[in-house]
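Structure first, then comments.
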Amino acid sequence: MIHLENISKSYDHKNNVVNDVSLAVEPGEFVSIVGQSGAGKTTIVRLLIGEEHPDSGRLLIGDWDITRISRREVSYLRRQIGVIFQDFKLLPKKTLEENIAFALQVCGGKPAKIKKIVPSVLKIVGLEDKGKRYPHEVSGGEQQRAAIARALVHQPKVLLADEPTGNLDAINADDIINLLLRINRFGTTVILVTHNKEIVNRLNKRVVTMDHGVVISDLAHGKYLL
39 MIHLENISKS
49 YDHKNNVVND
59 VSLAVEPGEF
69 VSIVGQSGAG
79 KTTIVRLLIG
89 EEHPDSGRLL
99 IGDWDITRIS
109 RREVSYLRRQ
119 IGVIFQDFKL
129 LPKKTLEENI
139 AFALQVCGGK
149 PAKIKKIVPS
159 VLKIVGLEDK
169 GKRYPHEVSG
179 GEQQRAAIAR
189 ALVHQPKVLL
199 ADEPTGNLDA
209 INADDIINLL
219 LRINRFGTTV
229 ILVTHNKEIV
239 NRLNKRVVTM
249 DHGVVISDLA
259 HGKYLL
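Taking the numbering used here as reference, the numbering of the sequence shown is continuous, increasing by one, and the terminal residue is 264.
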């Protein structure tokens with residue numbers, strides 16, 4: 039489904055932040071990409087969601103080559119890949135259900151479709167009774183659940199979670215990871231980018247370890263090595 043072929047990226051045209059990375063993620067996999075700060079994880083995320091173009095190599099999602107994706111095509115890509123960030127990125131003056139609905143409205147979703155989908159994704163993340171609340175009225179874990187619900191509205195084939203537990207305590211972090219595992223069991227490919235050793239070791243899933251821009255380990259049932 040996702041293929042990185044000899045991908046390199048630099049920002050100063052001198053030192054590669056990502057250096058000749060080749061990686062394949064198959065449909066339905068749960069993959070953790072790990073490494074210390076500066077390992078290249080964030081750049082991989084930015085390449086996958088079209089915020090950056092590689093200097094060399096090819097990046098394929100399905101049969102779609104997004105190596106030189108245009109700005110106009112990025113919005114379509116974001117419907118194929120749901121993205122969850124560390125800081126939730128919820129609109130503070132909209133309720134949780136309005137935040138989720140907005141993700142459909144900006145893409146021209148019809149009111150009838152929005153009315154059907156919003157309660158459905160709220161139920162998936164366990165927030166069916168909190169849709170009318172504003173972000174400041176719920177916990178950090180519940181805000182992240184709302185962000186996950188928003189990422190699911192287009193029924194993406196891939197869910198990319200970039201440090202989704204970075205702002206959460208251990209209990210809420212475990213809840214979010216368990217939710218990602220449940221979504222993965224529905225058939226959605228999940229790519230988890232994290233530096234949380236405890237979470238990665240508990241998952242016992244595939245672990246891709248990066249260091250200084252290169253992949254140094256790729257284990258089907260791995261641990262956090264660094």
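Every residue gets a Cβ at the ideal spot worked out from N, C-alpha and C, and that includes glycine.
As the structure is a computational prediction, the values presented were derived from the model and not from experiment.
What's the call for arginine 240, buried or exposed, on a 16-neighbour Cβ count within 10 Å? exposed
May I ask which residues mark the beginning and end of the alpha helix (DSSP H) holding asparagine 239? 235 to 241
Please name the residue in Val83, His250, Gly225 and Leu219 whose C-alpha comes closest to that of glutamine 193. Gly225
Cβ neighbours of glutamate 43 in the same chain (closer than 8 Å, five flanking residues each side left out): Ser60, Gly95, Arg96, Leu97 and Leu98
First through last residue of the alpha helix (DSSP H) which encompasses serine 113: 109 to 118
At which residue ranges does the stretch 200 to 261 contain complete beta strand (DSSP E) runs of 3 or more residues, listed in the order of the chain? 227 to 232, 244 to 249 and 252 to 257
Name the residue from Asn242, Leu128, Val144 and Leu206 whose alpha carbon lies nearest to the alpha carbon of arginine 171. Leu128
Residue of Ala184, Leu198, Val56 and Lys79 minimising C-alpha distance to glutamine 118: Leu198
Histidine 41 by DSSP, collapsed to three states: which one? strand
DSSP has lysine 47 in a bridge; who is on the other side? Val56
Taking only heavy atoms of the ligand ATP into account, decide whether any of them is closer than 7 Å to the Cβ of leucine 165. Here there are no bound small molecules, and the ligand ATP is not part of this structure.
Who are aspartate 103's beta bridge partners in DSSP? Leu98
Just to confirm the assignment, what range does the alpha helix (DSSP H) spanning isoleucine 162 have? 149 to 162
Thinking C-beta only, is valine 245 closer than 8 Å to lysine 261? yes
Give the range of the alpha helix (DSSP H) segment to which valine 176 is assigned. Unbroken run through valine 176: none, as it is neither H nor E.
Could you give the DSSP three-state label for leucine 86: helix, strand or coil? helix
Does DSSP put alanine 62 in a helix, a strand or coil? strand
From histidine 41 to leucine 257, what does the alpha carbon distance come to, in whole angstroms? 17 Å
When you compare only the Cα positions, how much space is there between arginine 84 and alanine 185? 18 Å
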